[in-house]
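Q: Provided herewith is a single structure, encoded as structure tokens, for subsequent inquiry.
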Amino acid sequence: MSLRRRAGAAVQARPEDERHPPGQLLAYGTQHILTMYGGVIAPPLIVGGAAGLSTPDMALLVTAGLFVSGLATLLQTLGLGPFGSRLPIVQGISFASVSTMVAIASEDGLRPVFGAIIVAGVIGLVISSFFAQLVRLFPAVVTGSLITVIGLSLMPVSFRWAMGNDERAADFGSMTNIGYAGLTLLIILVISRLFQGAVSRLSILLGLVVGTVIATLAGRADFSAVGDAKPFSAPPVLHFGTPTFEIGAIVSMTVVMLVIMTETTADILAIGEIVETEVDAKRVAQGLRADMAATTVAPLFGSFPCSAFAQNVGLVALTGIKSRFVVATGGLVLLLLGLLPVVGAVVAAIPYPVLGGAGIVLFGSVAASGIRTLSRVSYEDNLNMVIVPVAVAVGIIPIAAPTFWDAFPEWFGVIMHSGISATAVVAVVLNYLFNEVTAGNRSGASVFAASEDRRDGLGDRLDVDIRHAD
């Protein structure tokens, strides 16, 4: 009995199990959703446009994405048996699959897209445990490079938002749009500097609210869609028809699924560092199972593959709110948005320039976390000084030269067009060849140990102790 009590106490002592009052849970959870809302609705709009959907069907595609993202987030944070990492990770519709889905949908519509997702999701679910064993190939030099590239890869999104997001708009890149982004950024910085405690931790949410209010008063926010939205609408099952299964589409989507699993693994490891909790191969496998299970079910509701959202990893680092129950509350908010389109329309009315100002802080904090990890890597008597620049350089190729890999085979391009997966491949291979094979350094193992460093003003000081998982 005493052993059980001590075990229970140890579980309760985990940082991610921290409890907050209901009001704080709602506020912090909503902040997470406002941070990633634009990223969730963008893939359905892009793919739906490629498939030539009508406006009502496009709305259903967006609603389904919110609904499935909410369910996936709840499964990931709260867990159900062997499913879910039980970490503060927000799940959403993955960008990694957009280009492949657009290619399929533009030719044959959504039915083969959904069929390919189901098969690829099942394959991912089956190999989750094996894939998680690859965690031992992710020592600090690899994870630091990965986290840095995750942040750098997200920065163009914030800049695009700051410019207005729509290149066809007459005011895209105008001083007015960039001014609203700068004003939102300034508000966040002022709140972070002048206030402490809960107010400081809500700086992103408050910055979004104040920035939106100012934009509305200036006539720069459009809430007209709110009046046209239905008060309640549950996503219908198989609204777009029965999925069809085409070999070519399935093969392409399976390759994409491996990319998504790589990105999700990187995000699970990153959040483990930030939260300062133990993440071993078993826990990574549980997180991947939740990811793949949600992906497999998503097409039934008319939605697409799910993955961990890196921008919310940055929010955890920035605010220091490590509780998985906060993110679970955010999952409930997503679920509500999926059931109440009128509420989703209000959130969608936040101007992109306002989101861009907040994104600069959020995405930059992810890169800063990666730099902190790399600062603790030993560069003496090894070739880490070669691994880091090469891995990071390959990772930013899709940002600096988007067409760089176009002449390569399609399967290769799918992998390398994702800076995160490209960095993972290069860093893991070079670390194995340079540090393990050449130098006999068996530092690549699978668990992040908690850092003894204290959290500083911007985010957690990250430290990595890689050791072998049983």
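According to the working numbering, numbering within the sequence shown proceeds without interruption in unit steps and concludes at 1857.
C-beta: ideal position from N, C-alpha, C; glycine also.
Because the structure is a prediction, the values reported are computed rather than measured.
Which of the three DSSP states, helix, strand or coil, is assigned to V1666?
A: Strand.
Q: Would you call the CB atoms of T1487 and V1764 closer than 8 angstroms?
A: Cβ distance not < 8 angstroms, so T1487 and V1764 don't count as in contact.
Q: Name the DSSP beta bridge partners of F1559, please?
A: None; F1559 has no bridge partner.
Q: Let me know the secondary structure DSSP gives A1657 once reduced to three states.
A: Helix at A1657.
Q: Identify which residue in L1458, G1435 and G1452 has its Cα closest to the Cα of A1680.
A: That would be L1458, whose Cα lies nearest to the Cα of A1680.
Q: Which value, in whole angstroms, describes the spacing of the CA atoms of P1499 and V1586?
A: Going by the C-alpha atoms only, they are around 47 angstroms apart.
Q: Beta strand (DSSP E) containing Q1583: first to last residue?
A: That residue, Q1583, is in no beta strand (DSSP E); it is neither H nor E in DSSP.
Q: Would you check if the stretch 1711 to 1718 and the stretch 1462 to 1475 touch, i.e. whether three or more CB-CB distances between them fall below 8 angstroms?
A: Cβ pair count under 8 angstroms is three or more, so yes.
Q: In terms of alpha-carbon separation, which member of I1807, A1446, L1820 and N1818 lies closest to H1386?
A: The displayed coordinates of the chain run from 1388 to 1857. Any statement about residue 1386 would go beyond what the structure contains.
Q: Please confirm whether V1528 and I1758 have their CB atoms less than 8 angstroms apart.
A: Their beta carbons are not under 8 angstroms apart, which means V1528 does not touch I1758 by this criterion.
Q: Beta-carbon separation of G1746 and W1548 under 8 angstroms?
A: Yes, the Cβ-Cβ distance between G1746 and W1548 is below 8 angstroms.
Q: Within 10 angstroms of the Cβ of T1790, are there 16 or more other Cβ atoms? Answer buried if so, exposed if not.
A: The residue is exposed, with fewer than 16 neighbouring Cβ atoms inside 10 Å.
Q: Expressed to the nearest angstrom, what Euclidean distance is found between the alpha-carbon atoms of D1404 and D1793?
A: Looking at the two C-alpha atoms, the distance is approximately 45 angstroms.
Q: Can you check which of these residues, A1755, G1551 and G1566, is closest to F1559 by C-alpha distance?
A: Ranking the options by Cα distance to F1559, first place goes to G1551.
Q: List in chain order: all unbroken beta strand (DSSP E) runs of 3+ residues lying wholly within the stretch 1697 to 1758.
A: With a minimum length of 3 residues, no continuous beta strand (DSSP E) run stays inside the stretch 1697 to 1758.
Q: So, is D1678 buried or exposed, given that buried needs 16 or more other C-beta atoms within 10 angstroms?
A: Label assigned to D1678: buried.
Q: Suppose the cutoff is 7 angstroms on Cβ atoms and the five residues either side in sequence are ignored; what does the same chain contact list for I1505 look like?
A: Cβ neighbours of I1505 beyond the five flanking positions: P1630, T1683 and P1686.
Q: Helix, strand or coil: which one does DSSP assign to F1791?
A: Correct three-state label for F1791: coil.
Q: Who are the Cβ neighbours of N1572 in its own chain at under 6 angstroms, not counting the five residues just before and after it?
A: Residue identity differs from the one stated: residue 1572 is Leu in this sequence, not Asn. Around L1572: G1744 and I1747.
Q: Ordered along the chain, which non-local residues of its own chain (more than five positions away) have a Cβ less than 6 angstroms from that of V1596?
A: No residues qualify anywhere along the chain.
Q: Given a threshold of 16 other Cβ atoms within 10 Å of its Cβ, counted over all protein chains shown, does F1795 qualify as buried or as exposed?
A: Exposed: under 16 other Cβ atoms inside 10 Å.
Q: Is it buried or exposed, D1667, if we count other Cβ atoms within 10 angstroms and call 16 or more buried?
A: Buried, because 16 or more other Cβ atoms sit within 10 Å of the Cβ of D1667.
Q: Pull up the distance between the alpha-carbon of P1738 and that of D1768, whole angstroms please.
A: For P1738 and D1768, the distance between alpha carbons rounds to 51 angstroms.
Q: With a CB to CB cut of under 6 angstroms and the five nearest residues on each side skipped, what residues in its chain are close to V1642?
A: For V1642, where only same-chain residues beyond five positions count, the Cβ hits under 6 angstroms are W1798 and V1801.
Q: Could you tell me if I1658 is buried or exposed, where buried requires 16 or more neighbouring beta carbons within 10 angstroms of its beta carbon?
A: Flag for I1658 reads buried.
Q: For G1698, is the classification buried or exposed, using 16 other Cβ atoms within 10 angstroms of its Cβ as the cut-off for buried?
A: This sequence places Gln at residue 1698; Gly is not what is there. Classification of Q1698: buried, given that the 10 Å Cβ count is 16 or more.
Q: Measure the CB-CB distance between V1455 and G1717 and report whether it falls below 8 angstroms.
A: No; because the gap between Cβ atoms is not below 8 angstroms, this pair is not in contact.
Q: Looking at M1911: is its Cβ nearer than 8 angstroms to the Cβ of I1510?
A: The structure shown does not extend to residue 1911, since the chain spans only 1388 to 1857, so no value can be given for it.
Q: Between which two residues does the beta strand (DSSP E) harbouring S1694 extend?
A: Note, S1694: beta strand (DSSP E), C1693 to A1695.
Q: Please classify S1830: does DSSP put it in a helix, a strand, or coil?
A: With a pLDDT of only 42 at S1830, under 50, the local geometry of the prediction cannot be trusted, and no value is derived from it.
Q: Sort S1545, L1581 and Q1583 by Cα distance to I1565 and report the nearest one.
A: Comparing Cα-Cα distances from I1565 to each of S1545, L1581 and Q1583, the minimum goes to S1545.
Q: What number of angstroms, rounded off, separates the C-alpha of I1637 from the C-alpha of G1496?
A: Answer to the nearest angstrom: the Cα atoms are 14 angstroms apart.
Q: Please report the straight-line C-alpha distance between S1561 and A1400, rounded to a whole angstrom.
A: Taking the straight line joining both Cα atoms gives about 50 angstroms.
Q: Run through DSSP, which three-state label would G1416 get?
A: Looking at G1416 - three-state DSSP - the assignment turns out to be helix.
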